[in-house]
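S.K.:
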Amino acid sequence: MMLRVAEQYAATDTGRQRRANEDSLLARPPLFVVADGMGGAQAGEVASRLAVDAFEEGLGDTAAPESDLARRAGAANARIHELSHSSAEHAGMGTTLTAVYVAPEEVAIAHVGDSRAYRLRAGELVRLTDDHSLVDELVRQGKITPEEAVDHPQRSVITRALGPEPAVEVDTRSYSARSGDVYLLCSDGLTTMLPEERVAELMRLHPRLRDAAEALIAAANEAGGRDNITVVMFRLEDPSAPASSLAPPETEERTALAPEDLDGRGAADAVVAAGRSAERSEPGDLVATAPHPAQPRTPRAPTSARAPGGAHKRRRRLVAPAIALVVLGLLASGAYLAAQSVYFIGTNARGLVTLYRGVPYKLPGGVALYSSDYVSGVSAATLSPARRRTLLDHSLRSEAKATGLMHSLELGQLSE
Ligand code: MN
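Numbering (the numbering used here), first residue to last: 1033 to 1448.
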């Protein structure tokens, strides 16, 4: 049996809340890559782009796709790390990576971070990657339940990425492939917005990959679209088995390639750097491509399958309670003012290191005694565990001390 990519579709969407798209993708059979960059300003986009670029040339006739994928990931890590230390605007940048290589009888996956790969086979959706995320670690340690993980405020904090460290551990695996398998690579902008059951449902509902991908993106946006959403899908077929001629071997990609991108690269390739993909439904977005057969290679056995009172101005004869209220009010506002002169450092819902003004407490009823003062471009995931412990411990600091720490952080002086 010799499988080939019979249909593919790749799309990325900024979502509804972000201004820029920091995801990048590559859909060039037999290689498919999704990277989700972080670091603020343009840095996240640069990091995810560097990750994807490391796979542009393909793997050639590799006999060892897993180690080749890992080597490319390692090279991308080194390049991103180097750049993040040589220029201030790139300090602290990083990216996730999920790369899949289609061999004749199996798919090899290399993976770092919380972008994911899934396989739909016979209607059943299976996740092929484990997230390298704080929330997943907490679940594995039994500290929180998988249900608690779904809405956890730090669900976007990742524990492994390309860029933050000089070297990175890359997870690789191979899975034996079958004719009819549909693979999905996606950034967390899809999976934090949609439960897996919903992803499976939409994939089953839309056999045509273009329809499935568009439905997934639309559903993630309807659910809030809090993050960039990237979806790369491909279907494998055995051309020698005519029985499964269910769908025509149509291959297309809807990507937002600017015309200059088309000059530099073959139209058959889709290399999408985010940012530009904001204009996603403009004419010319569609790049129809010819299917590429998976290149013949030495077959290799699968290695594993696997707000206050006082408003009541009613006149009362009893003035004592009113005085008491005034006193209480003064005490409360004194406490409030005192709280406003201190700062602490934590992370926001996106996992970015954030300077908060106030004290890290919420009053009964959900009134927070703090407000976000400044959001850095630095993802907590890019810090060493020791640095995360000392910096993000919510300890109270003066304004000068706290802002000094934030500046050092953003200059990359706190990354070790
Ligand atoms: Mn993301």
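Using N, Cα and C, we set each Cβ at its ideal position, and we do this for glycine too.
I need the boundaries of the alpha helix (DSSP H) containing Glu1088, first residue and last residue.
M.R.: From DSSP, Glu1088 is part of no alpha helix (DSSP H); its letter is neither H nor E.
S.K.: Taking the continuous beta strand (DSSP E) assigned at Asp1203, which residues delimit it?
M.R.: 1203 to 1208
S.K.: I'd like to know whether the C-beta atoms of Ala1107 and Thr1204 end up nearer to each other than 8 Å.
M.R.: no
S.K.: What are the residues that DSSP puts in a beta bridge with Tyr1388?
M.R.: Phe1376, Ser1404
S.K.: Roughly how many angstroms lie between the CA atoms of Arg1058 and Asp1068, to the nearest whole one?
M.R.: Just to set this straight, residue 1058 is Leu in the shown sequence, not Arg. Roughly 12 Å between the two C-alpha positions.
S.K.: Quick check: what's the CA-CA separation for Thr1177 versus Val1171?
M.R.: 6 Å
S.K.: Which partner residues of Leu1362 appear in the DSSP bridge assignment?
M.R.: Secondary-structure assignment with DSSP links Leu1362 through no beta bridge to anything.
S.K.: How big is the Cα-Cα spacing for Ala1142 and Ala1105?
M.R.: 8 Å
S.K.: If I'm right that Glu1098 touches Ala1140 with Cβ under 8 Å, what's the distance once you round it to whole angstroms?
M.R.: 5 Å between Cβ atoms; contact.
S.K.: In whole angstroms, what separates the C-alpha of Ala1273 from that of Phe1266?
M.R.: 18 Å
S.K.: Any chance the CB of Ser1219 is under 7 Å from a heavy atom of ligand 1?
M.R.: yes
S.K.: Who are the Cβ neighbours of Asn1380 in its own chain at under 7 Å, not counting the five residues just before and after it?
M.R.: Thr1386, Ser1404, Val1407
S.K.: Per DSSP, what kind of secondary structure is Leu1101 in: helix, strand or coil?
M.R.: Here Leu1101 sits in helix by DSSP.
S.K.: With a threshold of 7 Å (Cβ to nearest heavy atom), would Arg1053 be considered close to ligand 1?
M.R.: Per the sequence shown, residue 1053 should be read as Asn rather than Arg. False, no ligand heavy atom lies under 7 Å from that Cβ.
S.K.: For ligand 1, is there a heavy atom less than 7 Å away from the beta-carbon of Asn1380?
M.R.: No.
S.K.: Taking Gln1372 as the reference, give the member of Leu1362, Leu1401, Leu1384, Leu1357 with the closest Cα.
M.R.: Leu1401
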